[in-house]
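At the far end of the sequence shown sits residue 926, using the numbering used here, and the numbering has no gaps.
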Amino acid sequence: MRLVIPDLERLQALQELERQAASLQTAIGQVDARRLAIEAPVVEARNVLETLTRTIEERQTQRRAGDRDVATIQQRLTKYRQQLMAVTNAREYEAAQHEVATAEADLKAREDQTIALLFELDELTPQAEQARQLLADREDAAGLALAGLADETRRHKLELANVEGSITALRPTVTPTALALYDRVSKRYPRGVVSELKGELCVACNVKIRPMLASAVRKAEQLVQCENCTRLLYAVKPAAPAAPPAG
Ligand SMILES: [Zn+2]
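Structural data, given as structure tokens:
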């Protein structure tokens with residue numbers, strides 16, 4: 680295989696295109712995970728608001744029940760106070776007195792509970808308002824981020840179609856035997872077929888090849904495989920020495 684250097688350059692280009700395609704596919708594949716990550720703060724804020732709203736509803740229900748209880752106890756108290764007026768002996772007086780005292784204690788306890796509920800509601804209401812605002816802010820931010828993500832995905836899919844088109848166009852321009860060799864090595868090292876040779880060292884597997892082969896790689900007249908890993912080798916031409924500064 681002589682004068683195959685355009686092949687080596689084309690295979691390097693092919694490998695580069697395959698790498699681009701793979702990274703675009705990875706990015707496209709991560710869309711769902713990224714969408715979930717964007718939505719997570721919204722879900723969290725919504726849960727906080729729902730918990731607060733539920734607690735407020737429970738406290739209001741308890742408060743209404745408390746109001747009903749207070750009314751009932753007050754009726755009971757009125758009845759016992761009237762009985763107190765109508766007693767005819769000390770035993771009846773004592774019994775009525777006891778009922779009045781019990782009802783008064785119940786009333787006091789129920790009213791205390793209602794006051795505690797009102798205090799709690801006073802704290803919960805602004806907390807719910809803050810949570811509602813936080814949710815709205817986070818929904819706005821997530822909406823922007825999701826729109827950005829959708830744009831990016833569209834762009835990635837277009838790029839991928841372009842890259843795949845370039846791969847399809849490039850492959851037939853490579854000599855069939857060279858392309859077959861590339862595809863064979865590609866099964867073992869997807870997107871890692873072509874490796875740089877530094878001195879006599881294959882950069883991919885870190886093993887030295889024979890000087891004769893290294894020199895063939897540098898002459899770049901034929902495709903040379905690494906003796907250890909079978910990758911195709913290329914040598915980077917040393918940069919031209921910089922011109923000495925004028926003056
Ligand atoms: Zn190697």
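Glycine included, every Cβ here is placed at the ideal spot set by N, Cα and C. Because the structure is a prediction, the values reported are computed rather than measured.
- The residues LYS887, ILE888, PRO890, ALA893, in chain order, have a CB closer than 7 Å to that of GLU879 in the same chain once the five nearest residues on each side in sequence are set aside.
- Within the model, the alpha-carbon separation for ILE752 versus GLU778 is close to 11 Å.
- Cβ contact annotation for ALA775 (same chain, cutoff 7 Å, sequence separation greater than five): TYR759, GLN762, LEU763, VAL766, in chain order.
- With at least 16 other beta carbons inside 10 angstroms of its own, VAL853 counts as buried.
- Scanning ARG897, THR832, GLY822, ILE846 for the CA closest to the CA of GLU697 turns up ILE846.
- In this structure, the beta-carbon distance from VAL896 to ALA883 does not fall below 9 Å.
- As a beta-bridge residue in DSSP terms, VAL873 pairs with LEU911.
- With 7 Å as the limit, the residues whose C-beta approaches any heavy atom of ligand 1 more closely are SER874, CYS881, ALA883, CYS884, VAL886, CYS905, ASN907, CYS908, ARG910, in sequence along the chain.
- For VAL722, the uninterrupted alpha helix (DSSP H) segment begins and ends at 710-764.
- The Cβ atoms of LEU687 and LEU858 lie no closer than 9 Å to each other.
- Distance check between LEU693 and each of SER874, GLN904, VAL722 places SER874 closest, using alpha-carbon atoms only.
- With fewer than 16 neighbouring CB atoms inside 10 Å of its own CB, ARG833 falls in the exposed class.
- The distance from the Cβ of ALA807 to that of ILE735 is about 6 Å, consistent with a contact at the 8 Å cut-off.
- Here the C-alpha atom of PRO805 lies approximately 39 Å from the C-alpha atom of THR757.
- Apart from the 5 residues on each side of it in sequence, ARG689 sits with its Cβ closer than 7 Å to the Cβ of LEU849, THR852, VAL853 in its chain, given in chain order.
- C-alpha of ILE707 to C-alpha of GLU838: approximately 11 Å in a straight line.
- Looking at the backbone, the Cα of PHE798 and that of ILE717 are separated by about 37 Å.
- For GLU773, the uninterrupted alpha helix (DSSP H) run begins and ends at 769-849, by DSSP.
- Residue state for GLN904 is assigned as strand, using DSSP reduced to three classes.
- At a Cβ-Cβ threshold of 9 Å, ARG714 and LEU825 count as neighbours.
- In the structure shown, LYS887 falls within a strand segment according to DSSP collapsed to helix, strand and coil.
- Closest option to HIS835, judged by alpha-carbon separation, among THR856, ALA788, ALA701, ARG863: ALA701.
- Around the beta carbon of TYR772, fewer than 16 other beta carbons lie within 10 angstroms, which makes this residue exposed.
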